[in-house]
Ligand SMILES: [Zn+2]
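Numbering (the working numbering), first residue to last: 1447 to 1757.
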């Protein structure tokens, strides 16, 4: 059976896996990123990680098709360069060329949200669906659009940047420089920001602004806290509007929601679905399921391997 290596490069960890053509992980390993050591050191450790994954202890060495890598930033897939990776302090770092030379294998790059979406669409919650949009609600809002098993990348690999849809033009400043992007409201960070603003304005609540997390907001919601209720309604209404717009434009069969916030379950999904139906055209909404992601942290490595297995 054919297999490939998927690498998920993160700010804290580099995850790697040997994945077969059915999407099954045969072996995986995780190493610290140690961003401060710089790009050449990280690329060298990715190279050695690929070698270990190609011939794991106790397993016969495999002929791998190639290596796919998810990069947490903007990439240029024509030149194989990471244009900007804020978490790693990278600007214009050549990735594909040096690795391909050392490995003598094809190397494929994509944005980390795109590869996670591809993983979920391939063997996760979007399996066997034609068109899937996958959204990760974490520190930001990541997104990827998968059409017939392929990532929709657009002309400069900017397709799927769902988190930066401007939905509140006078809203909070986003890392991208615009105001009121989806991720300023509906990410875990956005939910905490909204809750803290209400608490600072003196509105009565059981929440403590100290060390507040989005999970704390959902706990308060369950206890009937009015501020938490208002915050989650705001966040789900805004996300529902974004998904409604996407449903009208792309008309997908499924939208897969992952990341820490998706663990809230019905407390997130019920108001989200209601908001989505308020904003999407009826035929588009009816055709589209909104479901939780199932691959968790493996989505990135599985999706990255898919790039090399089905180029
Ligand atoms: Zn933004």
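Backbone N, C-alpha and C define an ideal beta-carbon position, used for all residues, glycine too. All of these numbers come straight from a predicted model, not from anything done at the bench.
Neighbourhood of residue i by C-beta distance below 7 angstroms, restricted to the same chain and skipping five residues each side
| i | result |
| --- | --- |
| residue 1555 | 1515, 1517, 1521, 1523, 1526, 1541, 1542 |
| residue 1616 | 1625, 1626 |
| residue 1539 | 1485, 1527, 1528 |
| residue 1447 | 1466, 1467 |
| residue 1687 | 1613, 1721, 1725 |
| residue 1694 | 1726, 1727, 1730 |
| residue 1548 | 1493 |
Residue range of the unbroken alpha helix (DSSP H) whose run includes residue i
| i | result |
| --- | --- |
| residue 1715 | 1712 to 1725 |
| residue 1644 | 1634 to 1646 |
| residue 1530 | No alpha helix (DSSP H) contains residue 1530, which is instead part of the beta strand (DSSP E) from 1527 to 1531. |
| residue 1616 | Careful: residue 1616 lies outside any alpha helix (DSSP H) and carries neither H nor E. |
| residue 1491 | 1485 to 1500 |
| residue 1688 | 1672 to 1696 |
| residue 1657 | It is not in any alpha helix (DSSP H) - residue 1657 carries neither H nor E in the DSSP assignment. |
Buried versus exposed, by CB contacts within 10 Å (16 or more), residue i
| i | result |
| --- | --- |
| residue 1528 | buried |
| residue 1653 | buried |
| residue 1462 | buried |
| residue 1608 | buried |
| residue 1410 | Because residue 1410 is not part of the residues shown, which for the chain are 1447 to 1757, the question remains open. |
| residue 1499 | buried |
| residue 1532 | exposed |
| residue 1729 | exposed |
| residue 1755 | buried |
| residue 1727 | exposed |
| residue 1692 | buried |
| residue 1714 | buried |
Beta-carbon proximity check, residue i vs residue j, cutoff 8 angstroms
| i | j | result |
| --- | --- | --- |
| residue 1781 | residue 1565 | Since the first residue shown for the chain is 1447 and the last is 1757, residue 1781 is missing from the structure and cannot be characterised. |
| residue 1645 | residue 1631 | no |
| residue 1703 | residue 1719 | no |
| residue 1550 | residue 1699 | no |
| residue 1553 | residue 1512 | yes |
| residue 1751 | residue 1697 | no |
| residue 1459 | residue 1488 | no |
| residue 1464 | residue 1508 | yes |
| residue 1567 | residue 1582 | no |
| residue 1510 | residue 1453 | no |
| residue 1678 | residue 1663 | yes |
| residue 1660 | residue 1634 | yes |
| residue 1603 | residue 1557 | yes |
Close Cβ partners of residue i (< 8 angstroms) along its chain, the five nearest in sequence each way excluded
| i | result |
| --- | --- |
| residue 1758 | Because the chain here runs from 1447 to 1757, residue 1758 falls outside it and cannot be looked at. |
| residue 1642 | 1655, 1658 |
| residue 1675 | 1667 |
| residue 1479 | 1455, 1456, 1457, 1458, 1459, 1460, 1488, 1534 |
For residue i: DSSP bridge partner residues
| i | result |
| --- | --- |
| residue 1514 | 1452, 1554 |
| residue 1742 | None, per the DSSP bridge assignment. |
| residue 1588 | 1582 |
| residue 1461 | 1454, 1476 |
| residue 1649 | Its beta-bridge partners do not exist; DSSP assigns none. |
| residue 1627 | 1612 |
| residue 1597 | 1592 |
| residue 1537 | 1530 |
| residue 1737 | 1702 |
Neighbourhood of residue i by C-beta, 6 angstroms cutoff - its chain only, sequence neighbours within 5 removed
| i | result |
| --- | --- |
| residue 1563 | 1580, 1590, 1592 |
| residue 1599 | 1605 |
| residue 1534 | 1481 |
| residue 1502 | 1473 |
| residue 1622 | 1610 |
| residue 1497 | none |
| residue 1672 | none |
| residue 1747 | 1452, 1454, 1461, 1463 |
First and last residue of the uninterrupted beta strand (DSSP E) at residue i
| i | result |
| --- | --- |
| residue 1476 | 1471 to 1478 |
| residue 1730 | Element bounds for residue 1730: not the beta strand (DSSP E) but the alpha helix (DSSP H), 1728 to 1732. |
| residue 1575 | That residue, residue 1575, is in no beta strand (DSSP E); it is neither H nor E in DSSP. |
| residue 1522 | 1520 to 1522 |
| residue 1546 | Where residue 1546 is concerned, there is no enclosing beta strand (DSSP E), although the alpha helix (DSSP H) it sits in stretches over 1542 to 1549. |
| residue 1703 | 1700 to 1704 |
Residue-level contact to chain B via CB, residue i, 8 angstroms cutoff
| i | result |
| --- | --- |
| residue 1529 | The chain labelled as chain B is not found in the depicted structure, where only one protein chain is given. |
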